[in-house]
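Chains as they are written, first to last, in numbering that gives the first Met the number 0: chain A, 0 to 462; chain B, 0 to 436.
Virtual Cβ for every residue (Gly too), placed ideally from N, Cα, C.
Predicted, not measured: the structure shown is a model, and the values here were computed from it.
Working notes for the structure below.
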Amino acid sequence: MTLDEILSARPSPGQPRKYEFPRFERTVLKSGLQVITVDVPNRPLVSANLLIRRGAADEPADLAGATILTARAMSEGTRRYPGVELIEAGERLGATLHVDASWDAFTVAVEVAASRLGAALELLAELVENPTFPERDVARLREERLNDLLQVKADPRRRVDQAFTATIYTPDSPYSRSAGGDEESVPRLTSEVLRATHRTVLDPLRAAIVVGGDLAGLNVPRLVEEKLGSFGGESAAHRVAPAVPLAASAVDRPIVRFYHRPGSVQTELRIGHVGLSRSAPDFHAVQVMAAILGGLFNSRLQMNLREEKGYTYGIGAGFDMRRGAGPFSVRTAVQTAATVPSITESLLELRRIRETAVTAAELAAARDYLVGVFPLRFETPGAVAGALGGLFIHELPDDELTRYRAEVEAVTIEAVQQAARDHIHMDRLAIVAVGDADAVSAELKAAAFGELKVITDELPVSE
Amino acid sequence: MTAQSVRFSDERLANGLRLIVSEDHLAPVAAVCIWYNVGSKHEVEGKTGFAHLFEHVMFQGSGHVAKAEHMALVQAAGGTMNGTTWLDRTNYFETVPSHQLELALWLEADRMATLLDALNQENLDNQRSVVKNEKRSSYDNRPYGDWFHKLQEHVFPTEHPYHHPTIGSMEDLDAASLEDVATFFRTYYAPNNAVLAVVGDVDPAQVRKWVERYFGDIPANRAIPALGDMSLPAVLGAEAREVVEDRVPLPRHFFAFRAPVLGDPRFDALEVAAQILAGGKGSRLYRRLVRDEKIAQDVSFFSLGLIGGASIAAGQATVRPGIDPAVVEHAFEEELERLGREPVTDDELVRARALIETFELEALQRTDERADRLAMYATLLDDPEMINRQLGRYLAVTAADIQAVAAQVLRPDNRVVLTYMPTTEAAAGTTDEETAA
Chain A
0 MTLDEILSAR PSPGQPRKYE FPRFERTVLK SGLQVITVDV PNRPLVSANL LIRRGAADEP
60 ADLAGATILT ARAMSEGTRR YPGVELIEAG ERLGATLHVD ASWDAFTVAV EVAASRLGAA
120 LELLAELVEN PTFPERDVAR LREERLNDLL QVKADPRRRV DQAFTATIYT PDSPYSRSAG
180 GDEESVPRLT SEVLRATHRT VLDPLRAAIV VGGDLAGLNV PRLVEEKLGS FGGESAAHRV
240 APAVPLAASA VDRPIVRFYH RPGSVQTELR IGHVGLSRSA PDFHAVQVMA AILGGLFNSR
300 LQMNLREEKG YTYGIGAGFD MRRGAGPFSV RTAVQTAATV PSITESLLEL RRIRETAVTA
360 AELAAARDYL VGVFPLRFET PGAVAGALGG LFIHELPDDE LTRYRAEVEA VTIEAVQQAA
420 RDHIHMDRLA IVAVGDADAV SAELKAAAFG ELKVITDELP VSE
Chain B
0 MTAQSVRFSD ERLANGLRLI VSEDHLAPVA AVCIWYNVGS KHEVEGKTGF AHLFEHVMFQ
60 GSGHVAKAEH MALVQAAGGT MNGTTWLDRT NYFETVPSHQ LELALWLEAD RMATLLDALN
120 QENLDNQRSV VKNEKRSSYD NRPYGDWFHK LQEHVFPTEH PYHHPTIGSM EDLDAASLED
180 VATFFRTYYA PNNAVLAVVG DVDPAQVRKW VERYFGDIPA NRAIPALGDM SLPAVLGAEA
240 REVVEDRVPL PRHFFAFRAP VLGDPRFDAL EVAAQILAGG KGSRLYRRLV RDEKIAQDVS
300 FFSLGLIGGA SIAAGQATVR PGIDPAVVEH AFEEELERLG REPVTDDELV RARALIETFE
360 LEALQRTDER ADRLAMYATL LDDPEMINRQ LGRYLAVTAA DIQAVAAQVL RPDNRVVLTY
420 MPTTEAAAGT TDEETAA
């Protein structure tokens, strides 16, 4: 056979190896803290993630940023380990303790050799339970956040993201804000405020620790009871009712908000509206629809704007699903001259996926990708533990991940179209751009995408 | 904590293709990674950015694969893929469920054998436009965006192949022709200029059969031009300084030094030094500049390993509002110079070693990372066994090694200082001047 003959025959796949998402176990400690363990044999490292269902969406507007700043400040010293001593103690174990907060949850994560898990959990407990929030360091972290806000304004990508959420949500919706806080709220975030936030966060009834890795010979629940048994303690009294994140749309008609930055060689674009929460009943159909529209490398948006027109290095679309309705957005950066055609083509693709059924081949491509890539996503204990943490944060059923592939396989062409019709709203799309408005002004007006406002956004200057 | 060693086979097909296979059945995953020994260092004047533009063309179809079908087939198989270009090399990789391995091998073979059958002006023009937008979004439209390109210019002399950026210039990208693509392909995309690593849930005997079948008849190019001598003096000889006015809110210093090549034990010592200098909140630069003196918003220090004459060690510090940039520069440089004057403490070394061990173990858990490293060490150092020796080399670095490499590398006459300053024309504050149109 010639090489050409050999290469003319496309190989067919072999027999797939059976795969199931690793089984996990749950123990509830006396305090209410859940311990979720998942054995992933033959891996040298163990991942331990403490998750508390309390995030930036739960904080009052005047203290925006308090949860994230609390997370940052917790590694600035504890009762037993002042200053960076706790960080150093972790480093001696080869462990970095990551404390962070998102809209939905507060997390403390560590990855460490199985033999050192007990020692790492002891540090994790000290960090979680006894931070001291020294005012000097809290003041520094406040200033760092304010300085970072200057950088946001100067970076077109971060600026457009901030402008987009501030545009689509009503001002009283937490999601309209920057999760890290703004110029008005951050100066209010004193040590006292962080201590109070910390007490509110420490609620064992809203908390779980997920431990994944080679757990042979380890009694993880007992270890957690020993190190984190008193977690929460007196703080239970400070518990507050969970605030339901308000995710109201501020937009009721198509609008364009163009942040003018003279001389920009590209326009950063976000097109979308208030989207969906993770509890959406048609979650799997939405995933397939979003993959076809703007998730796959060969998505409709990519094939049109990148592979055909060459307007952009990349374009994507999707739903940021949080406990409340996070944003749906098309996201891209395009060369300045292609700004208006790029908006036109993006709108065309949004309309098309609503109005005409996807082909059987498109459905198969998206479905086979999501089903097939599933085992690849969970190769490491860290990834497995992360997915289980997601189940806890979103209060999803235990079999959510084991059902995932069957649910995706069951999605039909009709379900995809229904998801597009139900969740993409042409009548309240916000088009938010950061770029050179002068260069595209006439074309933009003529296109009449919606009510147009041009905002002159000057660069911040530090004193 | 012990790292399980990565066992692999290492052989060559008759046409020169180097094949490395490593079997591991923990996850039902197979990774294919192919490294071509060609990077932006092979580009000549007037043709910068070409190696990377070519990488994009590799996804535009080949003899038996349509434009963009490569991605479609890999994704429909439940896999992920991409390609990257750097100064020393270009790589392409697919990670797939293990029963789809043959597809990934066939795709790589088809483009190595028949890329030019599918090449046309329309696809080249399209990807030229995509790459120009990549340059705009990754560098031109980003605050401080061209810092690395400027450091390259100072660390490597004009005639050196590392002097110019991998992304290239707009003019050169515009000038790239179909003829250039064809010549580049015929010259460098030959089996004897590539290393193919296959790792994961695979049967090595079956892998060999497939690789022989799909790649075995692709002809070698016995006339790949050798690169010229890339050797350089160990140090720059004099400090280089540049100030850039940019649309940035805070001044930022970037530092760079000419450093030993990848594979030199001194480069390992430099990586451990970087951990002690700026690896997290317990590090020297973070503690002094960010935490204690509160003069910097952030700091970093790292090394980028290269094989042609010298590597780059680089760092950065963003100046806090109201602080004299000179104060930040001085403190940063003082910490680097101190590293060459006195040994690091035992505790610093213990902490750095423990963290590096965790990072290495974490990285090597992944099938695709093992494939990438095997191909990298084979391509750049002709020594894939380095995958099992690298951690030991880091752990063997002593305080004296760090002091010696710091004294040699992190010195004023080997230093580039690049400072971004806010443009003076920028007005204070944000005006909400809205013009309804």
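Local Cβ density within 10 Å of residue i, reported as buried at 16 or more and exposed below that
i	result
residue 41(A)	exposed
residue 59(A)	exposed
residue 143(A)	buried
residue 172(B)	buried
residue 329(B)	exposed
residue 218(B)	exposed
residue 347(A)	exposed
residue 111(B)	buried
residue 359(A)	exposed
residue 411(A)	exposed
residue 463(B)	The structure shown does not extend to residue 463(B), since chain B spans only 0 to 436, so no value can be given for it.
residue 24(B)	exposed
residue 11(A)	exposed
Nearest candidate by alpha-carbon position, reference residue i, set the options
i	options	result
residue 391(A)	206(A), 198(A) and 124(A)	206(A)
residue 347(B)	283(B), 378(B) and 392(B)	283(B)
residue 116(A)	377(A), 91(A), 247(A) and 408(A)	91(A)
residue 162(B)	257(B), 364(B) and 211(B)	257(B)
residue 218(A)	34(A), 361(A), 229(A) and 296(A)	34(A)
residue 150(A)	358(B), 395(B), 29(B) and 318(B)	318(B)
residue 381(A)	44(A), 299(A) and 275(A)	44(A)
residue 349(B)	358(B), 132(B), 397(B) and 44(B)	397(B)
residue 292(A)	344(A), 76(A), 316(A) and 128(A)	316(A)
residue 344(B)	138(B), 402(B), 132(B) and 179(B)	402(B)
residue 375(B)	261(B), 394(B) and 390(B)	261(B)
residue 103(A)	266(A), 357(A) and 319(A)	319(A)
residue 73(B)	326(B), 26(B), 93(B) and 327(B)	93(B)
residue 394(A)	31(A), 25(A) and 52(A)	52(A)
Cβ shell of residue i (< 8 Å), same chain only, five flanking positions each side left out
i	result
residue 443(A)	255, 257, 338, 339, 436 and 451
residue 189(A)	134 and 137
residue 123(A)	47, 49, 96, 107, 109, 226 and 227
residue 231(B)	155, 156, 159, 257, 308 and 309
residue 418(A)	281, 284, 285, 287 and 288
residue 141(A)	68, 185, 186 and 188
residue 4(A)	none
6 Å CB neighbourhood of residue i in its chain, flanking five on each side removed
i	result
residue 3(B)	none
residue 198(B)	21, 30, 366, 369 and 370
residue 18(A)	374
residue 114(B)	61 and 184
Beta strand (DSSP E) segment containing residue i, residue limits
i	result
residue 313(A)	311 to 318
residue 92(B)	89 to 96
residue 421(B)	414 to 421
residue 48(A)	44 to 51
residue 282(A)	From DSSP, residue 282(A) is part of no beta strand (DSSP E) but of the alpha helix (DSSP H) over 282 to 289.
residue 77(A)	First-last for residue 77(A): undefined, no H or E at that position.
residue 120(B)	First-last for residue 120(B): 120 to 134, but that is the alpha helix (DSSP H), not the beta strand (DSSP E).
Alpha helix (DSSP H) segment containing residue i, residue limits
i	result
residue 149(B)	146 to 154
residue 105(B)	100 to 117
residue 182(B)	177 to 187
residue 387(B)	385 to 394
residue 67(A)	65 to 72
7 Å CB neighbourhood of residue i in its chain, flanking five on each side removed
i	result
residue 431(A)	159, 162, 163, 166, 256 and 269
residue 86(A)	74
residue 248(B)	421
3-residue-minimum beta strand (DSSP E) runs that sit fully inside the region 193 to 252 of chain B, ordered along the chain: 193 to 199 and 239 to 245
Secondary structure, alpha helix (DSSP H): runs of 4+ residues fully inside the region 268 to 346 of chain B: 324 to 340
4 or more residues per run - each alpha helix (DSSP H) lying fully within the region 184 to 242 of chain A: 190 to 200 and 219 to 227
Segments assigned beta strand (DSSP E), at least 3 residues, entirely inside the region 127 to 151 of chain A: none
Every unbroken alpha helix (DSSP H) inside the region 250 to 282 of chain A [4 residues or more]: none
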